[in-house]
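Asks: What follows is a structure written as structure tokens; I'll ask about it next.
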Amino acid sequence: MNPQRLERIRKRREEDDEEFMFLILPILCLHRMGSRGQMEKRQRHSSVLYGKKRVEEILEGHVKNCRVAYRMEAHIFRSLASYLRRERLVKDKRIKVEEKLAFFLYMSSHNASFEDLQLEFQHSNRTFHKCIRELFDIILVLCR
């Protein structure tokens with residue numbers, strides 16, 4: 008092989024190595040900063056009005072608040088929650104029936120994602136998944 012061609016190949020390899028380093032170096036720096044704790048972790052759900060208090064505020068607040076949030080008036084919402092509790096269709100556990108119903112109604116009436124629910128009620132995706140699935144299962148049973 009001629010020496011000029013060998014020199015071009017060597018230069019191309021060096022350029023490829025430099026391009027690779029421009030890609031990989033920032034990733035390594037970010038990883039290293041994260042492992043040393045230099046990047047500050049912040050709590051995502053930090054609102055004072057978490058789920059239960061948020062639901063109470065909406066139900067006890069202005070009449071329009073409940074209509075906008077859950078697409079029904081507060082007294083109807085409370086009656087529905089009482090019915091679900093009385094018939095033992097939904098049980099109070101760590102998350103009360105009113106809050107589970109609020110998750111479900113907010114999600115379905117606003118076409119909200121779990122991310123939207125997290126911002127509104129300050130719970131995890133897992134909590135929403137369990138509660139909303141429970142209510143969907145009840146609806147399926149009642150519709151049969």
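The numbering used here puts the sequence shown at residues 8 to 151. C-beta: ideal position from N, C-alpha, C; glycine also. Fair warning: this is a prediction, and the values are worked out from it, not measured in the lab.
Could you tell me if F235 is buried or exposed, where buried requires 16 or more neighbouring beta carbons within 10 angstroms of its beta carbon?
Replies: No answer is possible for residue 235: it lies beyond the span of the chain, which begins at 8 and ends at 151.
Asks: For L105, collect the residues of the same chain with a Cβ closer than 6 Å to its Cβ; drop the 5 residues on either side in sequence, then sort them by chain order.
Replies: Taking the sequence shown and counting its residues from 1, the one referred to as residue 105 is at position 98. First, the amino acid is wrong: residue 105 is Glu here, not Leu. Once the five neighbours on either side are set aside, the close Cβ partners of E105 are V62 and A88.
Asks: Which runs of the alpha helix (DSSP H) fall wholly inside the region 65 to 98 and span at least 4 residues, in chain order?
Replies: Restricted to the region 65 to 98, the alpha helix (DSSP H) segments that are unbroken, complete and at least 4 residues in length are 70 to 77 and 81 to 93, listed in chain order.
Asks: Just checking my contact of L96 with I145 at CB under 8 Å: how many whole Å lie between their CB atoms?
Replies: Residue mapping note: residue 96 aligns to position 89 of the sequence shown, counting from 1. Residue mapping note: residue 145 aligns to position 138 of the sequence shown, counting from 1. With a Cβ gap of about 5 Å, L96 and I145 count as contacting.
Asks: How is K18 classed by DSSP in three states: helix, strand or coil?
Replies: Start at 1 with the first residue of the sequence shown, and residue 18 comes out as number 11. K18 falls in the helix class under three-state DSSP.
Asks: In three-state terms, what does DSSP make of Q125?
Replies: Here residue 125 corresponds to residue number 118 of the sequence shown, with the count starting at 1. It is helical.
Asks: Classify K107: buried if its beta carbon has 16 or more other beta carbons within 10 angstroms, exposed otherwise.
Replies: Your numbering for residue 107 matches position 100 in the sequence shown. By the neighbour-count rule (16 or more Cβ atoms within 10 Å), K107 is buried.
Asks: Tell me whether N132 sits in a helix, a strand or coil according to DSSP, three-state version.
Replies: Locating residue 132 in the sequence shown gives position 125, where the first residue counts as 1. Three-state DSSP puts N132 in a helix.
Asks: Under a three-way DSSP split, which group does R140 fall into?
Replies: Residue mapping note: residue 140 aligns to position 133 of the sequence shown, counting from 1. It is helical.
Asks: Inspect the beta-carbon positions of A81 and Y113 and report whether they are closer than 8 Å.
Replies: As a first step, residue 81 is located in the sequence shown; it is residue number 74 there, counting from the start. As a first step, residue 113 is located in the sequence shown; it is residue number 106 there, counting from the start. No. Outside cutoff.
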